[in-house]
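The structure under discussion appears below in the form of structure tokens.
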Amino acid sequence: MNAVVFSRYGSPDVLEFKEIAKPSPLEREVLVRIHATSLNEWDDGALRGEDVVNRLIFGLFAPKWNRQILGSDIAGVVEAVGHGVTRFKPGDAVYGDLSGRWGGFAEFVCAPESALATKPPGMTFEQAAAIPQAGLLAFQALRMMGPMRPGQSLLINGAGGGVGTFALQLLKPLGVVVSAVDSAAKLELLRELGATQVHDYAREDFTQGGQRYDFILDVKTLRSVLACTRALKPGGTYVTVGGSMARLFQALLLWPWIALVQRKKIRLLALKANEGLESLNELFEAGKLAPVVDRCFGLEETVAAFRFYGTGQHKGKVVITVVPES
Ligand SMILES: NC(=O)c1ccc[n+]([C@@H]2O[C@H](COP(=O)([O-])OP(=O)(O)OC[C@H]3O[C@@H](n4cnc5c(N)ncnc54)[C@H](OP(=O)(O)O)[C@@H]3O)[C@@H](O)[C@H]2O)c1
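First residue of the sequence shown? That's 18 in this note's numbering, and the numbers climb one at a time after it.
Shown next as structure tokens:
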């Protein structure tokens, strides 16, 4: 089978498109013929060997032999199943997040059946590949904030990528007043998705504007966590899903002090892969949620897809089509 392999850390140029052996499923595994897969920040960080956590997972000096194919969000059709698999059979259309195991930038992958959900018939493979990781980061982060009342205010920092474009749609029915921060080119889309106020981060620092929010969802965590919590109302909650390791560490250190002195909450989300995917399925089928897919690339164009992702221009998700829909 064809796969996109990386055997050293670096820019997208280190990726090789090559033929490798097709995997066989173990007892509780499903062999999936991948139709589409999508890029996530984690793939980009792992490729570059950024930060100590990625080095610990993928290999200290070079990617380990069993971690050389990136790609965690996959959608495809079951080709074969191991003896112990009970939920799926060949021919079923499935999707899910294989983070922790990866292997999605390829024609086939073996996945534990627990990592897969049935793809609704009305969802394209490209849409399915765009949903799991970013959709569930948004879903789990909003759930972590607790109940929200209509009229409360929430700011999303870094709203124009995968997580933010899902979060905006999940917030729409709640009647929450949403402010969205991203680069200028993405602000019109953010308004269309339901943001009442939009802010260009290159021109305005939301922590300095004097506005206060009940909730802040931070997708990038590039600003000081202390400054971010100053932009919270008393009793407000700040949830970060990712960003600079130094800032995340700062958040960990500060949360007891902020809770005690300012009576505000800081929370760091650790993604539980695929938890809540059924809820996103239901929202999709009810027409209340649709992934924003910016561009689709072919598998052999994965280097170009990473380069495009690296420019930060993408709105919503970047998808790789492995088997074009007929
Ligand atoms: N918690 C976990 O367990 C877990 C697991 C997986 C991933 N993650 C994290 O989840 C996040 C993934 O988010 P995503 O898929 O939405 O990423 P994304 O698609 O790259 O979107 C991020 C957005 O932030 C914008 N941005 C860049 N710099 C900014 C700044 N200084 N201020 C405000 N916005 C800025 C980007 O726009 P421009 O590029 O145009 O500037 C982009 O639109 C990452 O932080 C990743 O590390 C967490």
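Note that the Cβ used here is the ideal one computed from N, Cα and C, for glycine as well.
Can you tell me which of the three DSSP states Q228 falls into?
coil
May I ask whether a heavy atom of ligand 1 can be found less than 8 Å away from the beta carbon of L239?
yes
Shortest alpha-carbon distance to R247 belongs to which of C313, F223, L269?
F223
Given 8 Å as the limit, tell me if S200 has its C-beta closer than that to any heavy atom belonging to ligand 1.
yes
Proximity below 9 Å, CB of A134 to CB of I86:
no
Whole angstroms are fine: how far does the CA of V278 sit from the CA of V320?
48 Å
Alpha helix (DSSP H) segment containing V320, residue limits
319 to 328
Just checking G168 against ligand 1 - is the residue's beta carbon closer than 8 Å to any of the ligand's heavy atoms?
no
Taking the alpha carbon of G117 as the point to measure from, which residue in D311, C313, A290 has its own alpha carbon closest?
A290
Does any heavy atom of ligand 3 sit closer than 8 Å to the C-beta of E58?
This structure does not include ligand 3; its bound ligands are ligand 1.
H52: buried (16+ other C-beta within 10 angstroms of its C-beta) or exposed?
buried
Would you say the beta carbon of N174 is closer than 8 Å to some non-hydrogen atom of ligand 1?
yes
Alpha carbon to alpha carbon, how far is K237 from L171? Give it in angstroms, no decimals.
16 Å
Which value, in whole angstroms, describes the spacing of the CA atoms of L73 and D61?
16 Å
A201, enclosing beta strand (DSSP E) - first and last residue
First-last for A201: undefined, no H or E at that position.
Return helix, strand or coil for L249, following the three-state DSSP convention.
strand
Could you tell me the alpha carbon to alpha carbon distance between G259 and E33, rounded to whole angstroms?
28 Å
Quick check for students: name the residue ranges of the alpha helix (DSSP H) that lie wholly in the region 81 to 163, counting only runs of 4 or more.
142 to 147, 149 to 162
Please classify F156 as buried or exposed, where buried requires at least 16 other C-beta atoms within 10 Å of its C-beta.
buried
Rounded Cβ spacing between I283 and L265 (contact assumed at less than 8 Å)
I283 to L265, Cβ: 10 Å. No contact.
Confirm the yes/no value for this check: CB of Y112, any heavy atom of ligand 1, distance under 8 Å.
no
K150 vs S261 beta-carbon contact at 9 Å
For the sequence presented, residue 150 should be read as Gln rather than Lys. Not a contact, by the Cβ cut-off of 9 Å.
Please classify H100 as buried or exposed, where buried requires at least 16 neighbouring CB atoms within 10 angstroms.
exposed
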